[in-house]
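Data block below; observations after.
Chains as they are written, first to last, in my numbering: chain A, 27 to 435; chain B, 276 to 423.
Shown next, in the form of C-alpha cells:
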C-alpha cells in the first residue's frame, strides 16, 4: 500500500493520545486534520504581514492582498478553473450553496418551477432549497437510490423536465461514500438549460476535480474538509452563471461606488465577498491546496481506494456488521457507514473513544437518507491522506471489543 | 472497574435488551415526546393518571443503550408513585447526573437515596456527551407531568 508516503509526522495532532491510547482519527468526513504547512502559513501571515486587503497604501497591505489573491488563484488552479475570477471565497460549502440559492435561484425561480435533488443529500444541499421553494413557490423533487445505494438515474430523463430549473447533487455522499451522478445530470440538463449545482464537500478533497470537464454550473466545497482551516470555502461558478447572480450580502468590498440610495457593484467574484474576508483562513486554504498538489490528487484517490478496499475486507470479518453503500471501489470514496448488531452507533462511538478511535455516530446531517435506510443512526469511519492500514486494524480490534462488551454472541 | 464497565453495567444492558413498560396506552391522559437530534435518540411517553397517582406509563421510541435503559428504569420507577414523588425522583436523578436543577426542595446531600436500578447510571457522569441521553426520558416525563 504505497500510493502515498507516510504522512502522520506532518500532522501534529496525530501524535497526541486520546483517553490514554494513540489517537486513531477516522472522522475526516466531518473535518480533516491540518499539516504543519497550513498551520505555519496562517501563523506566518499573522506574524509578518497581517493587514486588511484590497485597500492598502503600504507595503504589508500589498503583501496581505498578494497572499489572499494568491490563495484564490491556487484554489482556482486546483479545481481546473480557467481563471481566479471564477472562485468566490465563502464560509464553506453550506455558505456556497446558500449563496447560489439566494443569489441565483431566488431571482430565477417562480411558482411551479422545480428543484431536483437526490435521496442521499446532506442537509446543506436540501434546506437552502426548501427556503427558496417557500419564497418562490417552487417545489422539490428527488432522485431515488438503487439497491446498492447509488443514485438511481434511470428516471432522470423524465424527472429532469422543463419545470426543473435547478438540479443540485452531491459529488460524493458523506454517508454512503457513493460517487454522485454528476455526469448524467449535466448531460440531462443540457437539453433544458437547468442550473447544475454540485455539493463538492467530499468530492473535491477526495477526487481529482476538473470543473471544465465536470460540466456543472457551480461546485461548492470547504477548506476544512481538505486539510485547510474552518470558516472558509470556495464556490466555483461558470462565468456566465456568476454574472446572472445578484449579491446576497451588501457592504464594504463588494461595491464600486456607494450613494445614499443606490450603489454599484464590484466585479465578480468580489461582488459576492462583502466585508473583510477571513484572510488568514484563505492563506491556510491556499497552503492546503499546495500540500494536496504536492501529493497529487491521483495518488490521493489511489491511496483511498486501497485503504477502503482493505477496510471493507477487514470489516467483513466482524460478525453482525452491516456496511451501507456500494462495495465497488471505483464507485465510492473512503466513507464507510455501518451498524453492528443491536449496538447503537452512539454506544459504539463511546466504546471506540475509550480505545482512542474517533468515529462519528448519528445521522451525519442526512436524516432523510437515514429514514430511507430505515435506521435511526449509523456509525461512520472515514479516511484521508494521513490514514494507514494500522488505523483500520485498530478500528476492527475495537469493534470486536464492543461486541464482547455488549455480549453479542 | 474500567470506565466502560462502569458505563455499560449489566443492569443497563439488561434494561436495553429487555426494556420494561414498552408500548403505548389506548387513551393516555398525557403524551410527551423528546429527541436528541444529534444522535438519533427518540422517546415517546404515554401516561395514565388515577387522581394524583401515576397509574400507568408506557415508553416507545428508539436510541442508544443509555437513553433506552434510562427510559425503562424511569418507567418502572415512577409507575405507581404520585406525581409529586415522580417529580422529586426526577430531580434526584438529575442531581446524580450533575445537571443543574435549581429546585430548593431537593436534598442535594443524598442524591442516591431510593434510586434503585437508576444508581447504575451514575457512571454516565464520566461521559459528559452521554448525560443528555440518560436525561432524555426524564425531561420528557416532566413535560408529560406539566400542569399536574
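C-beta: ideal position from N, C-alpha, C; glycine also.
- The segment 219 to 229 of chain A makes no contact with the segment 304 to 313 of chain A, as fewer than three CB pairs between them are under 8 Å.
- Taking 8 Å as the upper bound for CB-CB distance, residue 311/B and residue 345/B are not in contact here, some 12 Å apart.
- In summary, residue 327/B is exposed, with fewer than 16 beta-carbon neighbours lying within 10 Å of its beta-carbon over all protein chains present.
- Between residue 251/A and residue 57/A, the gap from beta carbon to beta carbon is short of 8 Å.
- Counting only Cβ-Cβ distances below 8 Å, residue 320/B has no contacts in chain A at all, with the closest Cβ about 18 Å away.
- Chain-ordered listing is empty here: chain B has no CB closer than 8 Å to the CB of residue 113/A, the nearest sitting near 33 Å.
- Around residue 371/B, no beta-carbon contact reaches into chain A at under 8 Å, the shortest distance being about 19 Å.
- Taking the C-beta atoms as reference points, residue 208/A is found no nearer than 8 Å to residue 146/A.
- For residue 416/B, the enclosing alpha helix (DSSP H) has its first and last residue at 403 to 420.
- Here residue 116/A is buried, its C-beta having at least 16 other C-beta atoms within 10 Å.
- For the pair residue 191/A and residue 374/B, the Cα-to-Cα distance works out to about 50 Å.
- Here DSSP, grouped into helix, strand and coil, assigns residue 317/A to helix.
- Here the alpha carbon of residue 420/B sits roughly 7 Å from the alpha carbon of residue 358/B.
- Listed along chain B are 278 and 279, each with a C-beta nearer than 7 Å to that of residue 380/A.
- Within the model, the alpha-carbon separation for residue 289/B versus residue 304/B is close to 29 Å.
- With a threshold of 8 Å between beta carbons, residue 313/B makes contact with chain A.
- Between residue 337/B and chain A, the shortest Cβ-Cβ separation is below 8 Å.
- Nearest neighbour of residue 415/B by Cα position, chosen from 282/B, 330/B and 336/B, turns out to be 336/B.
- When the Cα atoms are used, residue 366/B and residue 254/A turn out to be separated by approximately 45 Å.
- Only those residues of the segment 406 to 433 of chain A whose C-beta falls short of 7 Å from the nearest C-beta of chain B are listed: 431, 432 and 433.
- Contacts with chain A at 8 Å (Cβ-Cβ) do not include residue 295/B.
- In the assembly as shown, residue 199/A is a buried residue. Its beta-carbon has 16 or more other beta-carbons within 10 Å.
- Taken in chain order, the complete alpha helix (DSSP H) segments of 4 residues or longer contained in the segment 49 to 108 of chain A are 62 to 74 and 85 to 104.
- In the structure shown, residue 374/B adopts coil according to DSSP, grouped into three states.
- Take residue 325/A, set aside five residues on each side of it, and the residues of its chain with a beta-carbon closer than 8 Å to its own are 29 and 30, in chain order.
- DSSP, reduced to helix, strand and coil, places residue 193/A within a strand of the structure shown.
- Against chain B, the CB of residue 46/A has no partner CB under 8 Å away; the residue lies outside that interface.
- DSSP places residue 283/B outside any beta strand (DSSP E), giving it a letter other than H or E.
- Here residue 389/A carries a coil assignment [DSSP, helix/strand/coil].
- Contact between residue 362/A and residue 375/A is absent: CB atoms are separated by about 14 Å, not below the 8 Å threshold.
- Under the 8 Å Cβ criterion, the segment 43 to 57 of chain A does not count as touching the segment 266 to 280 of chain A, having fewer than three qualifying pairs.
- The Cβ of residue 329/A sits no closer than 8 Å to any Cβ of chain B.
- Just so you know, the alpha carbons of residue 196/A and residue 206/A end up roughly 5 Å apart.
- DSSP assignment within the segment 224 to 276 of chain A yields the following whole beta strand (DSSP E) runs of 3 residues or more, N-terminal first: 244 to 248 and 259 to 263.
- When Cβ-Cβ separations below 8 Å define contact, residue 282/B makes contact with chain A.
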